[in-house]
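One structure below.
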Amino acid sequence: MSDHHSITKEQPGRVPSPSLHEAGRTSAVRARLDRLAHKITTKEGWLGDYDYAWLCTPTLPCAFGRKKRKTTPPFYALDSDLPLVLALACGLQHALAMLAGLITPPIIFASTLNLDAETSAYMISASLIGCGILSLVQMSRLHLFKNYYLGTGLISVVGTSFATLSTADAIFNAMYANGTCPSTTAADGTVTRGPCPDAYGMVLGTSIICSFLEIFMSFVPPRILQKVFPPMVTGTVILMIGASLIGSSGIPDWGGGSNDCMSRPTSGFYALCPDISAPRPLPWGSPEFIGLGFLSFVSIILTELFGSPFLKNASIIVGLAVGCIVAGAAGYIDGSTISSAPAVTFLWVHRFKLRVYPPAILPMLAVYMSVAMEAIGDITASAEVSRVAVDGEEFDTRIQGGVLSDGIGGFLSALFTVTPLSIFAQNNGVIAITRCANRTAGRFCCMFLILFGVLGKISGVFLAIPNPVLGGVTTFLFASVAVSGIRVLSYCRFTRRDRFVLAAALSFGIGDLLVPSIFTHLFDGVSHPNKGLQGFFDSITIVLSTPFLVAGIVAAVLNQVLPQEDEDDGGDEPSVEVIDVEGHHVQLEKEKHEE
């Protein structure tokens, strides 16, 4: 026997030595424990060399001639060693930056369906908890098989998609119109909607089956998706989403409420806003309401002018806080929602009947297509500010994993009693300003979101925000979405063909926006032999009555049908900069034009 074999042969009665693999694993565990001990027990581990004064120092507008900062904080990459205090600070900043976007949809859903305070508070908590849990999945980048992953591996946080708001509003209107949800008509013709929690359950149930569309889309190459949904289509959709939300929620709440009080009835429960049982009810559009909303709006502008980098990323929360302080001092806040909210809560404390509403299937499929395209843009923006590759095989797997996680998240979020989610892009601005792309900060962000949701009193506080304060803030939030859509459209070539496609799409979109009832009675004179055909007619009505859906469909169809025009110079199109749905930079490489 050779010497080599004699060395490796086990001797009788001798205990085998540990394998190299086991030794390496033990060494890695010991090294991790040593790093953890160093981080917890040393000043360097807690603080590092980050310039915290810069993060919290107020700024002056450029008109004051302030000199530009000579040094910038260090950049923390995805998996670099991050000081604990900075991880906590950046995590809280990420949570605050997206907080308004997370609480707004459940508040609007609850207001539209006239749900009680207990259910409304639960919906806010469920949104925060669900988004925190599913954001952790999105950041994970779990390897599934071959080149397929789950998650992006970036600080990609998720929240309720604004596209769902516009679609759900049309779905709820259809449910109240066909008697699925209860409503009463007064002697003067005023229609009052009753509570309808089952409608929310139907949206959740429909969302579950429609989520498989986005799961399927995650396995389609990203470049193919970008050809089917170019900036002409996505820009139109984003523009109409923002504009329709301003008209259906932002401005109505600014005036006092988006419920039945908006029509200023002369009698009944909604004769005053938000209703006659409120602490200081007033007619819709009263100067007191307008003033409160304007105060919140101006607070956002002043924070942008004078706030520190930390506050600028939380300007929406600042606007809400200032408005609530003044509204509370003036007696406009009803504290019953805070006192009735539980101290601690979690998912499934309140449940909804999950059912499929057939007329909502087509609109919800369109929502998931919009969510998938939004995810591609936001992932690209996140990769850019995180200083990782924005092309190549690794980047394609990040997009594939992100869209897949979005689709699975849509399925799970419905089980969490939360409407479809999409990647939020506000956090890209936080990364760009703080120069911290580390996933540890993202995980702390998720921890804060889950904590905010578990503490039920926080949801009660959010629910107590007066409508004018919420309206002043959400009008700005929704307007920023519309501006992002305009910015996306501005990078189109705007040939005669492009102008034609955009004009045709906006003809329907803006028409829907200005005259919402134009398609409501489209099938009133048609006999319906069965429920299936009735549901199909209702589905068409919902699609035609939702501005971003009908505009997006027209733009997508015409973009594929109409032939491309030749370039004036016959050359290649340059790379262009596109802004995603929340106003952040995305680099999209245009395809070379073929004559």
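Everything in the sequence shown is counted per full-length UniProt numbering, starting at 1 for the first residue and increasing by one. Quick reminder that beta carbons are idealized off the backbone N, C-alpha and C, glycines included.
Three-state secondary structure assigned by DSSP to residue i
i: C492; result: coil
i: C324; result: helix
i: C436; result: strand
i: L142; result: strand
i: R443; result: helix
i: L365; result: helix
i: V344; result: strand
i: Y357; result: coil
i: L55; result: helix
i: Y76; result: strand
i: G65; result: In this prediction, G65 has a pLDDT of 49, which is less than 50 and means its spatial position is unreliable; nothing more can be read from the coordinates.
i: Y149; result: strand
i: L82; result: coil
i: L292; result: helix
i: E304; result: helix
i: L455; result: strand
i: F476; result: helix
i: A329; result: helix
i: G335; result: coil
i: V501; result: helix
i: P105; result: helix
i: A314; result: coil
i: T206; result: helix
Proximity of residue i and residue j at Cβ, strictly below 8 Å
i: G250; j: F289; result: no
i: S413; j: L421; result: yes
i: M139; j: R443; result: yes
i: L549; j: P363; result: yes
i: L165; j: I316; result: no
i: G485; j: G130; result: no
i: G456; j: A121; result: yes
i: L154; j: A383; result: yes
i: Q400; j: Y149; result: yes
i: S127; j: V418; result: yes
i: P359; j: I542; result: yes
i: A504; j: V367; result: no
i: F398; j: T152; result: The sequence shown places Arg at residue 398, rather than the Phe named in the question. Yes, the Cβ-Cβ distance between R398 and T152 is below 8 Å.
i: residue 602; j: I246; result: No information on residue 602 is available, as it lies outside the stretch 1 to 595 that the chain covers here.
Cα-Cα separation between residue i and residue j, rounded to whole angstroms
i: V326; j: I338; result: 18 Å
i: H94; j: N428; result: 9 Å
i: A177; j: I423; result: 33 Å
i: G132; j: R496; result: 46 Å
i: residue 660; j: A37; result: Residue 660 is absent from the model: the chain starts at 1 and stops at 595.
i: G307; j: A53; result: 13 Å
i: S80; j: S386; result: 12 Å
i: L102; j: F508; result: 29 Å
i: S207; j: Y50; result: 44 Å
i: P106; j: P547; result: 21 Å
i: L213; j: A77; result: 33 Å
i: A381; j: A425; result: 8 Å
i: F536; j: G472; result: 38 Å
i: C210; j: L451; result: 30 Å
i: L544; j: L562; result: 22 Å
i: S336; j: I108; result: 19 Å
i: F352; j: P73; result: 48 Å
i: D406; j: L282; result: 42 Å
i: I553; j: Q560; result: 11 Å
Same chain only: Cβ atoms within 8 Å of residue i, ignoring 5 sequence neighbours per side
i: A556; result: V228, F229, V233
i: T119; result: A110, P197, H350
i: L489; result: P231, M232, G235, T236, L239, L502
i: L365; result: C210, L213
i: S340; result: A117, E118, A121, G460
Close Cβ partners of residue i (< 6 Å) along its chain, the five nearest in sequence each way excluded
i: N173; result: none
i: I433; result: P309
i: W284; result: G255, G256, C261, M262, R264, C273
i: P195; result: N114, L115
i: L354; result: G201, L204, G205
i: C90; result: T434, C436, A441
Sequence-distant residues of its chain with Cβ nearer than 7 Å to residue i (five each side left out)
i: V469; result: L292, G293, S296, L320, G323, C324, A327
i: T440; result: L82, A87
i: G268; result: A186, T190, T192
i: V461; result: I338
i: D396; result: P222
i: K39; result: G45, L84
Test: residue i CB closer than 8 Å to a CB of chain C
i: A375; result: No chain C appears in the structure shown, which is made up of a single protein chain.
Q: Would you mind listing the alpha helix (DSSP H) stretches within the segment 370–426 that are 4+ residues and don't spill past its ends, in chain order?
A: 393–415
**Q.** Whole runs of the beta strand (DSSP E) within the segment 152–192, excluding any shorter than 3 residues
**A.** 158–160, 183–185
Q: Let me know the beta strand (DSSP E) ranges lying completely inside the segment 217–285, each 3 residues or longer, listed in chain order.
A: none
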